[in-house]
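Peer 1: Let me begin by handing over the structure; questions about it come next.
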Amino acid sequence: MEAVHDVSFEVADKEFVAIVGPSGCGKSTILNMLGGLVTPSEGGIELDGRPVADVPPNVGYVFQKDTVFPWRTVRRNIALGLEYRGVRGDEQERRVREGVRLAGLEGFEDAFPATLSGGMRQRVALMRTLVVDPEILLMDEPFGALDTHTKLTLHAELLSVWEARHQTVVFVTHDLSEAITLADRIIVMTRRPGRVKLVHDVGIPRPRDVIKLRETEEYAHEYSVIWRVLGEELAEPGGVQGDMRNAAAAHLGSGHPPKPPASRPPLQ
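Be aware that the sequence shown starts at 4, since it is given in my numbering, and climbs by one per residue.
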């Protein structure tokens, strides 16, 4: 089964790009191809003008599940990537301490994952990737399973780290608010087989306050514009998706993001 078709886009150095689209449109497949985990059946991936044939050494990957090792403490989980790359001794300890500090996990260095919340475990997984200082960071819905408060906290932490280090980031998400909050550009995909429907520049200046941002007219405008395009890809009229698409159209230009039907769960 074809996951994506005729997909072509570029990501600039130090740019933060988010990919959104309907479930099953090939977002994660694209990320896996970028990371050298999946080989395209046609075409190819280039990194700095060179074909990607294997997992590039300068790429870090953060998955949807926290993927921490239950038999390792916070400290040893964060150190895992450094061990793999041969970083030892004082330099390893320095980077691990910095990762613990950035994650706000001081005092939990010797705790095991079973004693941590989901948000804390995801911070460990994120820092395990960041401490190796990858040039490119691929993130596959890393905050999708978290509650809103924890997700916003991690948004703020991720932006803080990114603004300090400016890695190139490709971030897959179902959450349009998340994409607007984090990204410089948003790529909107069609239904399967996924194609690029829109590449949208997010016109919100940085630095961004993840809480106050949602109260601004700029945020409401970005949400409405992208939701209108994304809504065209959400199933038949008259269903849940049809109601959501109509809600997006009705609120376009109103200054407020569309609200989901009260009797039905919101879609991301």
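Every residue gets a Cβ at the ideal spot worked out from N, C-alpha and C, and that includes glycine.
On a predicted model such as this, the values are computed, not experimentally measured, just so you know.
1. Measure the alpha-carbon distance for V23 versus V202 and round it to whole angstroms.
2. If you drop the 5 nearest sequence neighbours on each side, which residues of the same chain put their C-beta closer than 6 Å to that of R126?
3. With a CB to CB cut of under 7 Å and the five nearest residues on each side skipped, what residues in its chain are close to T194?
4. For M247, does the count of other Cβ atoms within 10 angstroms reach 16, so buried, or fall short, so exposed?
5. Measuring CA to CA, which of F19, E101, N35 and H8 is closest to E45?
6. Just checking my contact of K17 with H158 at CB under 8 Å: how many whole Å lie between their CB atoms?
7. Would DSSP call P54 helix, strand or coil?
8. Should the stretch 56-67 be regarded as contacting the stretch 140-155, the criterion being three or more beta carbon pairs within less than 8 Å?
9. Would the stretch 71-80 count as touching the stretch 174-185 if we require 3 or more Cβ pairs under 8 Å?
10. Looking at V205: is its Cβ nearer than 8 Å to the Cβ of D187?
11. If I measure Cβ to Cβ from E109 and keep anything under 7 Å in the same chain, skipping five residues before and after, which residues do I get?
12. Here's the rule: buried if 16 or more other CB atoms are within 10 angstroms of the residue's CB, otherwise exposed. What is A15?
13. Among F111, L141, R131 and T118, which residue has its Cα nearest to the Cα of L37?
14. If E138 and N61 are in contact, beta carbons under 8 Å, what's the gap, nearest whole angstrom?
15. Do A6 and T42 count as a contact pair if the criterion is CB distance below 8 Å?
16. Rounded to whole angstroms, what's the CA-CA distance from E49 to L83? Just pull it up for me.
17. Quick one: what does DSSP say H177 is sitting in, helix, strand or coil?
18. Looking at the unbroken alpha helix (DSSP H) that takes in G121, where does it start and where does it end?
19. To the nearest angstrom, how far is it from the Cα of R78 to the Cα of R231?
20. Helix or strand or just coil, what does DSSP make of T42?
21. Go ahead and pull the three-state DSSP assignment for K154.
22. In terms of residues, what are the limits of the alpha helix (DSSP H) holding R100?
23. Need the endpoints of the alpha helix (DSSP H) that M36 sits in, please.
24. How many whole angstroms separate the CB atoms of E225 and I207, which I take to be in contact at a CB cut-off of 8 Å?
Peer 2: Put simply:
1. 10 Å
2. When the five nearest sequence neighbours on each side are left out, the beta carbons in the same chain lying within less than 6 Å of the beta carbon of R126 are those of A106, in order along the chain.
3. The question names Thr, yet the displayed sequence has Arg at residue 194. Hits under 7 Å: P25, C28 and E236.
4. Because M247 sits at a pLDDT of 42, beneath the cut-off of 50, its placement in the model cannot be relied upon, and the following sentence gives the value as read from the coordinates. Buried.
5. H8
6. Contact doesn't hold; Cβ gap of about 19 Å is too wide.
7. strand
8. yes
9. no
10. Contact: yes.
11. V103
12. By the neighbour-count criterion, in which a residue is buried when 16 or more other Cβ atoms sit within 10 angstroms of its Cβ, A15 is exposed.
13. L141
14. A Cβ-Cβ distance of about 4 Å is found for the pair E138 and N61, placing them in contact under the 8 Å criterion.
15. no
16. Cα-Cα distance, rounded: 28 Å.
17. coil
18. G121 to L133
19. 45 Å
20. coil
21. helix
22. G92 to L105
23. K30 to L37
24. 7 Å
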